[in-house]
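Before any comments, here is the structure.
There are 2 protein chains.
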Amino acid sequence: MSVFEPVGPGFAVGLDIGGTKVMGVLLDPDERVIGSVRLPTVHGVDGVVATALTAVRALTDGIGLVRAQLAGLGVGVPGVVDPIRGTVEHAVNLGLPGEPTPLARLLSEALDGLCVTCENDLNVAALGAAHGVGMPSDLAFLALGTGLGAGIVLDGRVRRGAFGAAGEIGHLTFDPDGPLCACGQRGCLEVYGSGGSIDARWPSDGVTPAPVALFAAAAAGDVRAVSIRDSVVSAVATAVRVLVLTTDVPLVVLGGGVAALREPLLEGVVGVLDAQATGSGFLRSMRIPERVVLTPAGVPVGAVGAGLLVRDQAS
Amino acid sequence: MSVFEPVGPGFAVGLDIGGTKVMGVLLDPDERVIGSVRLPTVHGVDGVVATALTAVRALTDGIGLVRAQLAGLGVGVPGVVDPIRGTVEHAVNLGLPGEPTPLARLLSEALDGLCVTCENDLNVAALGAAHGVGMPSDLAFLALGTGLGAGIVLDGRVRRGAFGAAGEIGHLTFDPDGPLCACGQRGCLEVYGSGGSIDARWPSDGVTPAPVALFAAAAAGDVRAVSIRDSVVSAVATAVRVLVLTTDVPLVVLGGGVAALREPLLEGVVGVLDAQATGSGFLRSMRIPERVVLTPAGVPVGAVGAGLLVRDQAS
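And the structure:
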């Protein structure tokens, strides 16, 4: 028996299916990551299912994990997800149709009846981030990716809300006179604080990611870059304030592509929050700057959180 | 035996202790209001305790309720409340000292060891409003009183947060160039949407409440009144959007003194929300205007919610 051969039941696969890539992890029964995979996403229902199956097989077959050892599969996808029915809607960047896609059933059927749970991608990222920072009960995961939105875990449970829309703070107004947002409103937080907004205002040269290039140019004194960078950190700071003053989560975890900037982003956001608190005893008492952290480096929080759904499903 | 004589155990008293008045209710074992009282608040620790005891006795002694029939006392108070320790802090408008006041213990000692639970006044109002609208599981109570803030009930439980500050949305920025707020920031939502902000901008003549006078003057075409009224409804609409897009509660209940305006307030707020949704498919899909309701007329939601704490404490 190889030392890498998995023993016993209780393993879980977590997949984070995004518009460009699928991240997958294999969790052992102690919720440690013992394998990971990254594949390009094939769009459309058949494409998404095929990519997911390829990822599951890559994670399990290679180390000889058999079906009986797998407790289940958790899947994070963008869009409006009904975790009870296992359906996905409005996941436009996966090329799924208008009507709800029964993703959990399709995957379960292709995997010999394996138990499959689906959840919104920001919600699984929040679960994964909570696991990563060792504080599983209460936090918000602020995703700065193509869009801007939050996954929220309160008292250890994902907060979905009445329409599965909890955390949709990217479409709160930052500047009512600002540019049009894809949602049809003007000056949404997403128009200033998302990775997409940086791509649009400071396009990448194809080598350096746009946020890195923007922050480097700003650090070098480029006036336009400074202005764009300042709008990014201000919008992110506003999003943090909204999350804290509404839900009073003790922790806001910055994640998504823009958070790959690491300390320069965190320092910028904390700087804005510190400045805002200067004149306000109320704000100082809220200790907002102290609540902001970066997502753990190198951890695919979405895939890990998706894998943790399997545990929650069992309880 | 009189028909009014209460039979059996399981009665509860709820008190909502505010800066000017104490509202009290007696709930029967089926959570129906069978008595109510309203007293002016005497400030300071001794005054608050004495007022509360007077209210409890007025609700119980008059109908011959004896100590053994009373399951407990629930108390809503402004400020930062620790429901576990039963202490109150920062309740400046009750004239309480800087250090935490052990209100639950003081009241329990004066009431022969009766079980006493304390909770923030907005949180009990949210519980009472949820009870009043027959949807006890998930809502926000947006209080438009001296200040502006929300009590939030999620999945049937009061959301307190890490610092007891959940719902403190009155100090989110509405206009960064606006007037100073008491909290030290500029242009907070509270500066535009609270009853206090109306009092300051359109003082009452001592007969007609300021919000009523303001809305009447605006309806009559007074240009300055129109401008103030529009800022009030815009700020309240923004507060509703923040609550819905962050927590996705299915219901936002407008309460507090300004909500005594009833339909004219509701129509104004819904009008702003409708207009905002016109150009945004995203906002329309959120159905925010449909989620806004007025607090049930004639129900002292704070006192009722405080009485319901006794039930929660037993479970």
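Residue numbers (my numbering), protein chains in the order written: chain A, 15 to 329; chain B, 15 to 329.
Just so it is clear, CB atoms sit at the ideal spot from N, CA and C, and this is done for glycine as well.
One alpha carbon belongs to Val89(A), the other to Ala154(B), and they sit about 31 Å apart. According to the DSSP secondary-structure assignment, Ala154(B) is paired through a beta bridge with Ile166(B) and Val266(B). Beta-bridge analysis with DSSP links Thr101(B) to Asp96(B).
By the Cβ criterion, the segment 42 to 55 of chain A is not in contact with the segment 26 to 45 of chain B, since fewer than three pairs of Cβ atoms, one from each stretch, lie closer than 8 Å. In the structure shown, Pro54(B) adopts extended strand secondary structure according to DSSP, grouped into three states.
Among the bridge pairs identified by DSSP, Ile31(A) is matched with Val36(A). Asp152(B) is the residue among Arg276(B), Leu156(B) and Asp152(B) whose C-alpha sits nearest the C-alpha of Val172(B). Residues Pro97, Asn134, Asn137 and Ala180 of the same chain have their beta carbon placed closer than 8 Å to that of Arg174(A), with the five preceding and five following residues left out of the count. Shown here for Val246(A): same chain residues with a beta carbon closer than 6 Å to its own, the five before and five after excluded, namely Gly207 in chain order.
Look at Ala143(A) here: in three-state DSSP terms it is helix. Judged by pairs of C-beta atoms under 8 Å, the segment 94 to 113 of chain B does not touch the segment 287 to 295 of chain B, as fewer than three such pairs exist. Looking at Pro223(A), Ala118(A), Gly312(A) and Val51(A), the one whose alpha-carbon comes closest to that of Thr160(A) is Pro223(A). The beta carbon of Leu257(A) falls within 8 Å of a beta carbon belonging to chain B, placing the residue at that interface. When DSSP states are grouped into helix, strand and coil, Phe177(A) belongs to the coil group. Taking each of Ser218(A), Arg215(A), Phe177(A) and Gly32(A) in turn and checking the Cα distance to Gly61(A), the smallest one comes out for Gly32(A). In the structure shown, Arg171(A) adopts extended strand secondary structure according to DSSP, grouped into three states. Contacts between Gly198(B) and chain A, judged by CB atoms closer than 8 Å, involve Gly293, Ser294, Gly295, Phe296 and Leu297 in chain order. Taking C-beta atoms under 8 Å as the contact rule, Leu257(A) and Thr260(B) qualify, at a distance of about 7 Å. By the C-beta criterion, the segment 300 to 318 of chain A is judged to be in contact with the segment 260 to 271 of chain A, since at least 3 inter-stretch pairs fall below 8 Å.
Counting only the Cα atoms, Val324(A) lies some 34 Å from Arg298(B). For Val240(A), no CB of chain B lies under 8 Å from its own CB, so it is not counted at the interface with that chain.
In the structure shown, Arg200(A) falls within a strand segment according to DSSP collapsed to helix, strand and coil. According to the DSSP secondary-structure assignment, Leu87(A) is paired through a beta bridge with Val27(A) and Val130(A). Judged by their CB atoms, Leu87(B) and Leu121(B) are nearer to each other than the 8 Å cut-off.
Judged by DSSP secondary structure, Val307(B) falls within the beta strand (DSSP E) whose first and last residues are Val306 to Leu308.
Against Val106(A), chain B offers no close residue; the least beta-carbon distance is about 12 Å (beta-carbon pairs closer than 9 Å). For the set Ala85(B), Ala118(B) and Asp189(B), the Cα lying nearest the Cα of Val63(B) is the one of Ala118(B). For the segment 141 to 160 of chain B, the set of residues with a beta-carbon nearer than 8 Å to any beta-carbon of chain A comprises Asp152, in chain order. Here Arg243(B) is buried, its C-beta having at least 16 other C-beta atoms within 10 Å. In the structure shown, the three-state DSSP call for Leu194(B) is strand. Taking C-beta atoms under 8 Å as the contact rule, Val130(A) and Gly100(A) qualify, at a distance of about 7 Å. In terms of Cβ geometry, Pro190(A) and Gly178(A) do not form a close pair [threshold 8 Å].
By alpha-carbon distance to Leu162(A), the top candidate from Asp169(A), Gly184(A), Leu141(A) and Val147(A) is Gly184(A). The alpha-carbon separation between Val313(A) and Gly146(A) amounts to approximately 8 Å. No Cβ of chain B is located within less than 8 Å of the beta carbon of Arg243(A). Residue pairing from DSSP places Leu41(B) in a beta bridge opposite Ala26(B) and Val47(B).
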